[in-house]
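Novice:
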Amino acid sequence: MSTIEKLNNFIDGSWIESSASKILEVHNPATAEVLVNVPLSPAEDVDRAAKMAAAAFHEWRRVPAPIRIQYLFRLKNLLEEHFEELASTVTMENGKTLDDSRGELRRAIENVEVACGIPTMMLGDFSEDITRGVDEYMIRQPVGVAAIICPFNFPAMIPFWYLPYAVACGNTVIVKPSERTPLTMHKVFQLLEEVKFPKGVVNLVNGVPETVDAILDHPLIQAVTFVGSTAVARHVYGRASANGKRVQAQGGAKNPLIILPDADVSLTTSIVTDSAFGNAGQRCLAASLAITVGEASQIFTPALAEAAASRVVGYGLDKGVQMGPVITPQSKSRIEGLIEKGLEEGAKLVVDGRDAVVSGYERGNFLRPTILSGIPRGGTIARTEIFGPVLGMLHVDSVEEAIALVNSGEYGNMACVFTSSGAAARKFRYEAEAGNIGINIGVAAPMAFFPFSGWKNSFFGTLHAQGKHGVEFFTQTKVVVERWLGEWSRKF
Ligand code: NAD
């Protein structure tokens, strides 16, 4: 009999066994060890969670905002107390380095801190005497039950782009973590249990696409947030919108960086390689294409090659490691297949990261950083989201050509420029078609008080994650026009 734990769902304040008949094994991507089993919760588990969350909403929305945020203050303290344990969990199930795990957890906590400002952020508007003796005002009310559907690559941070704002605004939530990285949220929900939110305010349902579809169709769920690949984001947006829900769905990316000849060589090299190979390239803000302008190609191709080849690859929990494995063996073969296809299409290998074996971790899904140059503009490496440690290089003669190339892509999650020219940077900032822009920055990840602004096929919806956008998404406006008879309206 297996001694591996099977995760439970957390519904209505209790840990409840899923009614799923099937489970998936969750593997440590560096060691291949089975960490835990995750249930593939069917529609009836979603139904149970939705009913409990809807019942809890009735009371939770009546709890005054200054009291609601007290729960978040407690959560923030617990997250700080368990910071290292949670960071290690992220590394164990996702593979990223401990420092990267700490970074994402810090951003998660920052979102809790920002949401503690809800009493101010949720304020309405008031206009006195819109006509004699008549006032008009707008109040923000919570939407109801919100579902939060998450990807594997930021198991701690992405649920926190939404959960703190949703509950602080008076909604109740159901979180559906990635089936490949469910342990971190399991641990976070153990902390949420200690926070003692009223029953049904925060719920956790583990599962797979079938679970997601049950969420998208459930009549008691009013709002859906999604982060994942573009194909699924499009599906989620279409199906949940057709069912009358408000939806925001963040999709995939193919992030280009432009490098001008006047960019600082050592800083740019270090920033670009951190962006391309940090988290093994499994960041939605990972640099995927480096577009060199003019002489930048001669300067930066060898510099980037040297930095990529010397990157320390290994188990993220080990000291000195700069890059961990990719998430699954299937993902590793998919990435190797894309490199192969790129070579068939005419790309040249500057650094070859295939066939990587890390001593002591022979069963891990390791690749080493790979750089391909001379990639065809319309080809696989230039256009496909690889989601692995692969940087494609393209060369152009002018900034105008580089910006046109950036804007020809189907995605718009992030675009960056490296230069010491203010004029070139401003032109780029103004014209680049992407929602997150970096200027001498390689991962332009917005702080919790700014929206995470994907464009084009990287985002479906209107309001983005985090900050004020989160408050708008998780509230609906109500406008009241009010007259009281008496002295104010005597002349009416
Ligand atoms: P994914 O799309 O495979 O899965 C995301 C979630 O959707 C999971 O919870 C999964 O269970 C569910 N899902 C998968 N297939 C489904 C289907 N057919 N129907 C319904 N639900 C389904 O994404 P992933 O591999 O976990 O994450 C990587 C992707 O996420 C990359 O494309 C990356 O760019 C993207 N991402 C985007 C952002 C952003 O802000 N734009 C941030 C992080 C990750």
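Numbering-wise (my numbering), the sequence shown opens with residue 19 and increments by one. For each residue, glycine too, the CB sits at the ideal point set by N, CA and C.
Cβ-heavy atom distance between VAL226 and ligand 1 below 6 Å?
Specialist: In the sequence shown, residue 226 corresponds to position 208, counting from 1. Indeed, a heavy atom of ligand 1 lies less than 6 Å from the Cβ.
Novice: Taking the straight line between their C-alpha atoms, what separation do you get for GLY460 and ALA304?
Specialist: As a first step, residue 460 must be located in the sequence shown, where it is residue number 442. As a first step, residue 304 must be located in the sequence shown, where it is residue number 286. Rounded to the nearest angstrom, the gap between the Cα atoms of GLY460 and ALA304 is 8 Å.
Novice: Going by C-alpha distance, which of ASN221, PHE468, LEU361 is nearest ALA74?
Specialist: Walking along the sequence shown from the start, residue 74 turns up at place 56. When only C-alpha atoms are compared, the closest one is ASN221.
Novice: Any idea if SER351 is buried or exposed, counting beta-carbon neighbours within 10 angstroms, 16 or more meaning buried?
Specialist: Position 333 of the sequence shown, counting from 1, holds the residue named residue 351. So SER351 counts as exposed.
Novice: Just to confirm, is the Cβ distance from ALA71 to VAL163 under 7 Å?
Specialist: Your numbering for residue 71 matches position 53 in the sequence shown. Your numbering for residue 163 matches position 145 in the sequence shown. Between ALA71 and VAL163, the C-beta spacing is below 7 Å.
Novice: Rounded to whole angstroms, what is the Cα-Cα separation between LYS40 and LEU58?
Specialist: Working through the sequence shown from its first residue, we reach residue 40 at position 22. Working through the sequence shown from its first residue, we reach residue 58 at position 40. Approximately 6 Å between the Cα atoms of the pair.
Novice: Can you give me the C-alpha to C-alpha distance between PHE101 and VAL368, rounded to a whole angstrom?
Specialist: As a position in the sequence shown, residue 101 is number 83, starting the count at 1. As a position in the sequence shown, residue 368 is number 350, starting the count at 1. Cα to Cα, the separation comes out at about 39 Å.
Novice: Curious, which full-length alpha helix (DSSP H) runs of at least 4 residues does the segment 215 to 282 contain?
Specialist: Counting only runs of 4 or more residues that sit fully inside the segment 215 to 282, the alpha helix (DSSP H) segments are 227 to 235, 248 to 260, in chain order.
Novice: Taking the alpha carbon of ILE85 as the point to measure from, which residue in PHE215, LEU278, LEU201 has its own alpha carbon closest?
Specialist: Reading the sequence shown from its first residue, position 67 is the one you call residue 85. Minimum Cα distance to ILE85 is reached at PHE215.
Novice: At a cut-off of 6 Å, is CYS302 close to ligand 1 when judged by its beta-carbon and the heavy atoms of the ligand?
Specialist: For the purposes of this step, residue 302 is identified with residue 284 of the sequence shown, where counting begins at 1. For CYS302, the CB falls within less than 6 Å of some heavy atom of ligand 1.
Novice: Three-state secondary structure (DSSP) at ASP153?
Specialist: For this step, residue 153 is matched to residue 135 along the sequence shown. Of the three classes helix, strand and coil, the one that applies to ASP153 here is strand, per DSSP.
Novice: Should GLY378 and PRO343 be called a contact, given that it needs their Cβ atoms to be closer than 7 Å?
Specialist: Sequence index remark: in the sequence shown, residue 378 carries index 360 (1-based). Sequence index remark: in the sequence shown, residue 343 carries index 325 (1-based). No. Outside cutoff.
Novice: Would you mind giving the Cβ-Cβ distance between ARG501 and GLY151, rounded to the nearest angstrom? I have them listed as a contact below 8 Å.
Specialist: Locating residue 501 in the sequence shown gives position 483, counting from the first residue. Locating residue 151 in the sequence shown gives position 133, counting from the first residue. About 6 Å; that satisfies the 8 Å criterion.
Novice: Which of the three DSSP states is assigned to ALA2 in this structure?
Specialist: A query on residue 2 cannot be resolved here, the shown segment of the chain reaching from 19 to 510 and no further.
Novice: Please report the Cβ distance between LEU335 and ALA365, rounded to the nearest whole angstrom; I am assuming they are in contact, meaning their Cβ atoms lie under 8 Å.
Specialist: Position 317 of the sequence shown, counted from the start, is the residue given in the question as residue 335. Position 347 of the sequence shown, counted from the start, is the residue given in the question as residue 365. That belief does not hold up - the Cβ atoms of LEU335 and ALA365 are roughly 34 Å apart, past 8 Å.
Novice: Can you check whether the CB of SER476 is closer than 7 Å to the CB of TYR429?
Specialist: In the sequence shown, counting from the first residue as 1, residue 429 sits at position 411. In the sequence shown, counting from the first residue as 1, residue 476 sits at position 458. It is a contact, given that the beta carbons lie within the stated cut-off.
Novice: Please confirm if the segment 489 to 504 is in contact with the segment 140 to 157, defined as three or more CB-CB distances below 8 Å between the two stretches.
Specialist: yes
Novice: Note down, in chain order, each residue of its chain lying with its Cβ closer than 7 Å to the Cβ of GLU35, except the 5 sequence neighbours on either side.
Specialist: Start at 1 with the first residue of the sequence shown, and residue 35 comes out as number 17. ASN26, listed in sequence order.
Novice: In the structure shown, what three-state DSSP assignment does TRP33 receive?
Specialist: Indexing the sequence shown from 1 puts residue 33 at position 15. If DSSP states are grouped into helix, strand and coil, TRP33 belongs with the strands.
Novice: Looking at the C-beta of LEU96, does it have a partner C-beta in chain C at a distance below 7 Å?
Specialist: Judged by its chain identifiers, the structure shown contains no chain C, having just a single protein chain.
Novice: Restricting to Cα atoms, I'd like to know which of THR493, LEU385, ARG395, VAL414 is closest to SER426.
Specialist: Your numbering for residue 426 matches position 408 in the sequence shown. That would be ARG395, whose Cα lies nearest to the Cα of SER426.
Novice: In chain order, which alpha helix (DSSP H) runs of at least 4 residues are fully inside the segment 57 to 110?
Specialist: Taking 4 residues as the minimum length, the alpha helix (DSSP H) runs contained wholly in the segment 57 to 110 are 61 to 78, 83 to 99, in order along the chain.
Novice: Name the DSSP beta bridge partners of SER196, please?
Specialist: Stepping through the sequence shown from its first residue, residue 196 is reached at position 178. Answer is none; SER196 lacks a bridge partner.
Novice: Would LEU409 be called buried (16 or more neighbouring beta carbons within 10 Å of its own) or exposed?
Specialist: Counted from its first residue, the sequence shown places residue 409 at position 391. Classification for LEU409: buried.
Novice: For the beta strand (DSSP E) containing ARG501, list its first residue and its last residue.
Specialist: Along the sequence shown, read from residue 1 onward, the residue named residue 501 stands at position 483. Here the beta strand (DSSP E) through ARG501 covers 493 to 501.
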